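Chemist:
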Amino acid sequence: MSALLAAQRDQHKLTEDELVGNLVNLIFAGMGTTTRQLASAVADIVTAGEWERLAAEPELIGPAINESLRFSPVTQLVVRIAQEDFDFGGVRFPKGTRFLLNLLAASRDPQKFPDPDTFDISRVTDDSRLPFGWGVHRCLGQPLARLLMEEGLRLTLARLTEVGIVERDRGPHPAEMLGGPGRLVLTFGRR
Ligand code: HEM
980 MSALLAAQRD QHKLTEDELV GNLVNLIFAG MGTTTRQLAS AVADIVTAGE WERLAAEPEL
1040 IGPAINESLR FSPVTQLVVR IAQEDFDFGG VRFPKGTRFL LNLLAASRDP QKFPDPDTFD
1100 ISRVTDDSRL PFGWGVHRCL GQPLARLLME EGLRLTLARL TEVGIVERDR GPHPAEMLGG
1160 PGRLVLTFGR R
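Start counting the sequence shown at 980; every next residue gets the next number (this note's numbering).
1) Excluding five sequence neighbours on each side, which residues of the same chain lie with their C-beta closer than 6 Å to the C-beta of R1077?
2) Please go through the same chain and pick out, in chain order, the residues whose beta-carbon is closer than 8 Å to the beta-carbon of L1127, but skip the five residues on each side of it.
3) What residue ranges within the stretch 1016-1049 form continuous alpha helix (DSSP H) runs of no fewer than 4 residues, ordered along the chain?
4) Return yes when at least one heavy atom of the ligand HEM lies under 7 Å from the C-beta of N1004, else no.
5) By the 10 Å Cβ neighbour count, where 16 or more other Cβ atoms means buried, how is G1159 classified, buried or exposed?
6) Beta carbon of T1174, beta carbon of R1170: below 8 Å?
7) Among A1008, L984, D1023, A985, which residue has its Cα nearest to the Cα of G1143?
8) Tell me which same chain residues have a C-beta within less than 7 Å of the C-beta of I1040, skipping the five on either side of it?
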């Protein structure tokens, strides 16, 4: 945000409208995604019965976040426009075709992820192209998002035990770009 403000104020590289648009985009892209993905990770870990194992083995926090990004991706789709004609799966797509790429379906693809409907923190999913996109629009905040979620989960694991889920809302419709629970109610004890 500081760099964007400086670019507009000192270097005159952005108009005021472009500055405001970029700041709004950054807040939208950074806040709801990270908080909802962290809530999803907590819910996934509790549901899979892995809370105490993770508390005892914090080195598994990174893999657990990766698996939650696959199992419950908050970015449910990304948008693309074909830059040239091409064929895929025997279908012709002309230049200019608009696509909604379904990340919910892609991350449960059994050809890429064996037993895809199981939340498995020992699964190796270090390829971040699905949850964070790729190409020129690849997520700008990926390292920050991982850091926030890992640190948030580390603190929560260190403080809470006997965690149970009382309520997890289903989140927005799968056709919305951003999913994940807006509300996750837990019962817990203090460690
Ligand atoms: C769990 C958290 C996050 C997830 C799952 C996520 C996911 C994504 C995805 C899928 C895209 C689109 C990529 C594409 O179209 O190929 C994206 C773009 C973007 N993300 Fe994130 N993101 C997260 C957190 C953040 C954070 C913390 C920030 C900033 C602080 C951020 C900033 C952005 C920006 C600015 C873009 C647009 C990039 C562009 O169009 O050039 N994201 N993110």
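Glycine included, each C-beta is placed from N, C-alpha and C at the ideal position. As the structure is a computational prediction, the values presented were derived from the model and not from experiment.
Modeler: Taking the definition as stated:
1) As a working note, residue 1077 is residue 98 in the sequence shown. Correct list, in chain order: I1060.
2) Residue 1127 sits at position 148 when you count from the first residue of the sequence shown. Closer than 8 Å at the Cβ level, and outside the excluded window around L1127, lie T1013, L1017.
3) Listed in chain order, they are 1030-1035.
4) Taking the first residue of the sequence shown as position 1, residue 1004 is located at position 25. In terms of side-chain proximity, the C-beta atom of N1004 is found nearer than 7 Å to a non-hydrogen atom of the ligand HEM.
5) By 1-based counting over the sequence shown, the position of residue 1159 is 180. So G1159 ends up on the buried side.
6) No statement about residue 1174 is possible, as the shown extent of the chain runs from 980 to 1170 and does not include it.
7) Position 164 of the sequence shown, counting from 1, holds the residue named residue 1143. The residue with the shortest Cα to Cα distance from G1143 is D1023.
8) Reading the sequence shown from its first residue, position 61 is the one you call residue 1040. Contacts found: L1033, E1129, L1132, R1133.
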